[in-house]
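K.L.:
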Ligand code: NAD
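In this note's numbering, the protein residues as written are 2 to 420.
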């Protein structure tokens with residue numbers, strides 16, 4: 002991708018989507034002003050000791066975008082590309098994501114600009130504990146509840162929870178979600194985002210009269226979201242023909258052995274060495290032959306450089322912000338259906354909500370119960386969204402924003418603005 006595509010503000014792109022829906026809702030200028038500004042942006046230094054001795058300093062962020070519907074909710078990202086702009090956009094999306102599936106949360110997001118591939122486990126632990134300690138006053142089960150995102154794992158959540166609990170002098174599992182099961186995690190959380198992607202894709206395929214066995218699926222990114230989505234697509238009878246991660250892509254028109262790729266990625270956190278298909282680049286993967294495309298890596302992967310070449314009939318945004326507004330317009334014009342990120346990957350935050358509820362009850366549900374409630378929550382809200390699509394003749398993304406904005410505005414109006 003050229004730098005020009007990456008250089009456009011991610012938050013700017015996100016606001017463009019918001020404005021389209023706000024126009025249709027005839028949202029007044031006061032509400033627009035409030036909803037296009039983050040409540041709070043926190044930037045801090047994270048000094049940490051290298052295993053070999055000596056200190057280095059990374060930058061940490063937490064953006065709490067909106068609290069109208071409840072405590073902040075949103076993951077923590079460890080990546081060299083993390084910026085305040087990106088974290089703000091992600092916190093903005095979390096606000097609409099929680100609202101579109103009707104969870105009692107606002108939106109937030111965090112990040113540390115670092116490359117975890119160059120850090121030992123001990124270094125990661127020190128960085129995480131310092132990150133958590135810096136946020137002790139502003140996070141908590143009733144304030145803001147972080148979760149995993151790119152390069153952060155259940156182990157990272159465990160360190161965060163332990164650090165917060167030590168400061169509070171009481172065990173507080175509900176301060177983060179996505180924890181390991183042994184310390185208050187929820188069954189079904191690890192696969193929840195990928196499961197949600199698959200549930201919505203299959204529902205939409207049925208709406209398009211496409212049977213699972215007729216669907217060739219391509220998944221970009223083979224981390225938490227992509228690997229479980231690919232596995233569940235294969236289990237439901239779809240032919241997964243393309244997968245990729247940062248090391249490159251693999252394509253096999255006959256269908257890939259997803260189980261083998263899954264086992265490899267689970268063990269080595271990488272697809273490097275997978276021998277079940279032709280090696281292709283990530284750029285080739287996105288425009289390869291398929292019916293369903295699931296971008297599940299990072300932002301801006303589908304842009305003006307490749308949108309016209311995309312062959313899929315259905316795009317399900319596992320990642321946050323994988324499509325630029327310009328590419329989105331091209332897809333709409335070509336009749337390609339896009340299930341937008343705020344709906345498509347909401348399975349993760351939905352089971353995070355279930356985890357938070359279970360932590361507060363101290364009573365844990367069976368996996369089947371979690372999965373059933375997940376499917377129910379997603380489909381009820383997805384079908385409501387489809388009604389808006391048909392009523393207003395708008396793309397799925399616009400409909401999702403319309404529902405989400407309307408719900409946040411209702412809460413804001415009832416609470417009033419403390420000014
Ligand atoms: P992850 O760190 O587990 O995996 C990311 C994957 O993307 C890895 O396989 C990595 O190799 C790959 N990748 C990175 N750069 C790439 C590139 N340039 N081309 C192709 N592949 C690349 O992260 P994740 O949790 O799976 O998150 C992926 C996306 O899904 C992010 O946009 C994240 O915000 C979003 N998301 C995650 C969750 C969740 O519960 N984890 C929930 C909602 C949305």
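Positions of the beta carbon are idealized from the N, C-alpha and C atoms, including for glycine.
At a threshold of 7 Å, does residue 299 count as lining ligand 1 (C-beta to nearest heavy atom)?
P.N.:
Walking along the chain shown from the start, residue 299 turns up at place 298. Yes.
K.L.:
Which residue's Cα is closest to the Cα of residue 309: 23, 327, 298 and 147?
P.N.:
For the purposes of this step, residue 309 is taken as residue 308 along the chain shown, with counting starting at 1. Cα-wise, what sits closest to residue 309 is 327.
K.L.:
Any heavy atom of ligand 1 within a distance shorter than 7 Å of the CB on residue 246?
P.N.:
Translated into positions along the chain shown, residue 246 becomes position 245. Indeed, a heavy atom of ligand 1 lies less than 7 Å from the Cβ.
K.L.:
Name the one or two DSSP bridge partners that residue 293 has.
P.N.:
What you label residue 293 is simply residue 292 of the chain shown in a count that begins at 1. DSSP output for residue 293 lists 218 and 315 as bridge partner(s).
K.L.:
Given residue 267, which residues of its chain have a CB within under 8 Å of its CB, disregarding the five upstream and five downstream residues?
P.N.:
Reading the chain shown from its first residue, position 266 is the one you call residue 267. If we look at residue 267 and ignore the five residues flanking it on each side, its Cβ neighbours are 228.
K.L.:
Whether or not the region 100 to 119 and the region 58 to 77 are in contact is what I'm after, with contact meaning three or more pairs of Cβ atoms, one per stretch, closer than 8 Å; do they touch?
P.N.:
Enough Cβ pairs lie closer than 8 Å, so yes.
K.L.:
Looking at ligand 1, does it come within less than 7 Å of residue 321, judged from the CB to the closest heavy atom?
P.N.:
Residue 321 sits at position 320 when you count from the first residue of the chain shown. Yes, since a heavy atom of ligand 1 falls inside the 7 Å radius drawn around the Cβ of residue 321.
K.L.:
So, with DSSP's three-state summary, where would you put residue 75?
P.N.:
Numbered from its first residue, the chain shown carries residue 75 at position 74. The answer is strand: DSSP assigns residue 75 an E or B state.
K.L.:
Kindly list the residues whose CB is nearer than 8 Å to the CB of residue 47, restricted to its own chain and excluding five residues on each side of it in sequence; keep chain order.
P.N.:
For the purposes of this step, residue 47 is taken as residue 46 along the chain shown, with counting starting at 1. Excluding positions up to five away in sequence, the list reads 58, 59, 60, 61, 113, 128, 131, 132 and 135.
K.L.:
Need the endpoints of the beta strand (DSSP E) that residue 57 sits in, please.
P.N.:
As a working note, residue 57 is residue 56 in the chain shown. Start and end: 56 to 67.
K.L.:
Could you check which residue in 371, 98 and 264 has the C-alpha nearest to that of residue 386?
P.N.:
Counting from 1 along the chain shown, the entry for residue 386 is found at position 385. Ranking 371, 98 and 264 by Cα distance to residue 386 puts 98 first.
K.L.:
Hey, is the region 28 to 40 in contact with the region 313 to 333, meaning 3+ C-beta pairs nearer than 8 Å?
P.N.:
As far as the Cβ criterion goes, the region 28 to 40 does not touch the region 313 to 333, which means the pair count is below three.
K.L.:
Can the beta-carbon of residue 226 be found less than 8 Å from the beta-carbon of residue 194?
P.N.:
Residue 226 sits at position 225 when you count from the first residue of the chain shown. Residue 194 sits at position 193 when you count from the first residue of the chain shown. Yes. Within cutoff.
K.L.:
Contact check, residue 222 vs residue 320 under 8 Å by CB: the rounded distance?
P.N.:
Numbered from its first residue, the chain shown carries residue 222 at position 221. Numbered from its first residue, the chain shown carries residue 320 at position 319. That pair is a contact at about 6 Å.
K.L.:
Compute the Euclidean distance between the alpha carbons of residue 119 and residue 79, then round it to the nearest angstrom.
P.N.:
Here the question's residue 119 lines up with position 118 in the chain shown. Here the question's residue 79 lines up with position 78 in the chain shown. The alpha-carbon atoms of residue 119 and residue 79 are separated by roughly 12 Å.
K.L.:
Any heavy atom of ligand 1 closer than 7 Å to the beta-carbon of residue 149?
P.N.:
The residue you call residue 149 lines up with position 148 of the chain shown. Within the cutoff, so yes.
K.L.:
Identify every run of the alpha helix (DSSP H) within the region 181 to 245, keeping only runs that are complete inside it and at least 4 residues long; order them along the chain.
P.N.:
List check, alpha helix (DSSP H) in window: 193 to 208 and 225 to 236.
K.L.:
Would DSSP call residue 109 helix, strand or coil?
P.N.:
Here the question's residue 109 lines up with position 108 in the chain shown. Reduced to three states, the DSSP call for residue 109 is strand.
K.L.:
Going along the chain, which residues of its own chain have a beta-carbon closer than 6 Å to the beta-carbon of residue 63, five neighbours each way excluded?
P.N.:
Counting from 1 along the chain shown, the entry for residue 63 is found at position 62. Only 43, 111 and 136 meet the Cβ criterion.
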